[in-house]
Amino acid sequence: VYDGTCIMFRTMRDFGFLNQVRQSSAFCQTMAMSSWHLAHLRSSGSKSDHLRYSMSAVRRLQQQLDHPQDSFTDEAICAILAFACGANLVKDSRALNVHLDGLASVLRRRGGLQTLDTNPLLRVMLYWVDVNGSYIQDIVPRFLPPFHLVPSAQSIHEANLPPQTADTPILSCIHASDKPLVMRIHEAIKAAQTLMRTESKIRDLWSDTIFPGFHISPILHDLLSMHRPADGSQTALVTEVFRLGAILYITQLRGKFGIDIIPGRLYADKLRDIARSTVIEGRSARLILIWSLTVASVSSSLSLGSRTSFADLLKEAARTLDIDTYEDLRASVTQFLWDEELLKGQLGSLVYLYPT
Numbered sequence: 009v010y011d012g013t014c015i016m017f018r019t020m021r022d023f024g025f026l027n028q029v030r031q032s033s034a035f036c037q038t039m040a041m042s043s044w045h046l047a048h049l050r051s052s053g054s055k056s057d058h059l060r061y062s063m064s065a066v067r068r069l070q071q072q073l074d075h076p077q078d079s080f081t082d083e084a085i086c087a088i089l090a091f092a093c094g095a096n097l098v099k100d101s102r103a104l105n106v107h108l109d110g111l112a113s114v115l116r117r118r119g120g121l122q123t124l125d126t127n128p129l130l131r132v133m134l135y136w137v138d139v140n141g142s143y144i145q146d147i148v149p150r151f152l153p154p155f156h157l158v159p160s161a162q163s164i165h166e167a168n169l170p171p172q173t174a175d176t177p178i179l180s181c182i183h184a185s186d187k188p189l190v191m192r193i194h195e196a197i198k199a200a201q202t203l204m205r206t207e208s209k210i211r212d213l214w215s216d217t218i219f220p221g222f223h224i225s226p227i228l229h230d231l232l233s234m235h236r237p238a239d240g241s242q243t244a245l246v247t248e249v250f251r252l253g254a255i256l257y258i259t260q261l262r263g264k265f266g267i268d269i270i271p272g273r274l275y276a277d278k279l280r281d282i283a284r285s286t287v288i289e290g291r292s293a294r295l296i297l298i299w300s301l302t303v304a305s306v307s308s309s310l311s312l313g314s315r316t317s318f319a320d321l322l323k324e325a326a327r328t329l330d331i332d333t334y335e336d337l338r339a340s341v342t343q344f345l346w347d348e349e350l351l352k353g354q355l356g357s358l359v360y361l362y363p364t
């Protein structure tokens, strides 16, 4: 747990969650996660210790939930959160949903989500687990961000839009009902990047496990909360292309902190399906498609073959707007949303598409 090789354990340690894992079922589940991670590091494939600790944790938690006075305490919530963290670690979506559904039931019994505000650590951990669990499934998160407990996160989330940039021309093709949220996400990503550049120059930002939870997770929460296209209308599909591209972009930023980027494949597959099956009309809409395809073409979460297939789609889409040189492509994506300082060399890897 304390060797620093697992980003989840490091976050739990740095935020203080492990200090609260003193109740028996939560402690047993933490041991189960630790043994699973140790076996994973050793590539031993042995699951005996993990299963033994996990079964013990399940029995102890069930005993706790069966007791009327203990079933909705902070200790019970801490234990269920430990189980949810374990499900996130092994990417067991079914188990994760069971734990979070159970947690929602416990919170209703004790008077609602706001009752957890007396324990800010658990409230924030619940939010992080919920966002990460929703991310690996592309579902809408269950719980709202605790901005009242983390004002610094809210300042990024509610980035003030300067009058001259409040209506980004490229976003003119977004449906009117989605446009305010898309604009806020666009500005919030830029604000987060500005903060990341500033902080990285004065300290070792990339070892800070708490920063992405406070400053990037709120943006990811918004992206996961957006409406999925219920029909095949052009505006709905363009909005979805932006959503998928933005999640892949956020995945790249989170990856700089050592956070798992594998779930990015889910969003890349959805983006590929739209790009191959839909003819996107209009200059602004095509620029959003080109930006999203560019993100996918350099995404660390994808295999080389997958990135190459996206690069082929990108070059085809770029040709429709007479983007015939690497410099034209670079200008198009950086004008919309791209931080070359943070994503060093990634955009430059596409120069091969336009041989001189």
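Residue numbers (the working numbering): 9 to 364.
Cβ coordinates follow ideal geometry from the N, Cα and C atoms, glycine included.
Could you check which residue in the options has the C-alpha nearest to that of residue i?
i    : options                   : result
R116 : H156, L129, M133 and T81  : T81
A254 : G266, H229 and V137       : H229
T126 : K264, D216, P154 and L329 : P154
E335 : G356, L350 and D320       : G356
G353 : R338, Q343, P220 and T364 : R338
E348 : L252, L231, A244 and M204 : M204
T291 : A319, V303, T302 and T328 : Note that residue 291 corresponds to Arg in the displayed sequence, not to Thr. Of the candidates A319, V303, T302 and T328, the one whose C-alpha sits nearest the C-alpha of R291 is T328.
W214 : D239, R192 and G266       : G266
N140 : K278, I282 and L232       : L232
G120 : L152, S101, D186 and L321 : L152
A319 : L111, A196 and T302       : T302
T364 : L351, T333 and L350       : T333
V114 : E83, P188, A103 and K209  : E83
P271 : E289, A238 and S311       : S311
Mind checking whether residue i and residue j have CB atoms under 9 Å apart?
i    : j    : result
S309 : I269 : yes
I224 : R280 : no
I331 : S340 : yes
L297 : V359 : no
Q260 : S307 : yes
K323 : L295 : no
L345 : H194 : yes
T247 : V190 : yes
Q343 : A293 : no
S314 : R273 : yes
L134 : L89  : yes
N105 : V137 : no
A325 : A276 : no
S142 : R150 : yes
T19  : T202 : no
L350 : K209 : no
E207 : F222 : no
Taking the continuous alpha helix (DSSP H) assigned at residue i, which residues delimit it?
i    : result
L179 : L179 -> no alpha helix (DSSP H), and no H or E assigned at all.
E335 : Y334 to L345
L125 : Sequence check: residue 125 is Asp here, not Leu. Counting along the chain, D125 falls outside any alpha helix (DSSP H), and DSSP gives it neither H nor E.
T259 : Q242 to G263
K352 : First-last for K352: undefined, no H or E at that position.
M191 : K187 to S208
F222 : F219 to H223
W299 : R291 to S305
G110 : S101 to R117
F155 : It is not in any alpha helix (DSSP H) - F155 carries neither H nor E in the DSSP assignment.
I282 : G272 to S285
A84  : D82 to V98
R236 : No alpha helix (DSSP H) contains R236, which DSSP labels as neither H nor E.
L213 : First-last for L213: undefined, no H or E at that position.
L321 : L312 to R327
Our contact map puts residue i next to residue j with C-beta atoms below 8 Å; I'd like the distance itself, whole angstroms only.
i    : j    : result
I147 : K99  : Rounded, the Cβ-Cβ distance is 14 Å, inconsistent with contact.
L256 : K278 : Rounded, the Cβ-Cβ distance is 10 Å, inconsistent with contact.
I227 : A200 : 7 Å
I85  : L124 : 7 Å
L108 : A87  : Going by Cβ atoms, the distance from L108 to A87 rounds to 13 Å, so no, they are not a contact pair.
Against chain B, does residue i count as a neighbour if the rule is that its beta carbon must be under 9 Å from one of theirs?
i    : result
R273 : The chain inventory of the structure shown lacks chain B, comprising one protein chain alone.
Is residue i near the ligand SAH, in the sense that its beta carbon is under 8 Å from a heavy atom of that ligand?
i    : result
L345 : Ligands displayed in this structure: none; no statement on the ligand SAH is therefore possible.
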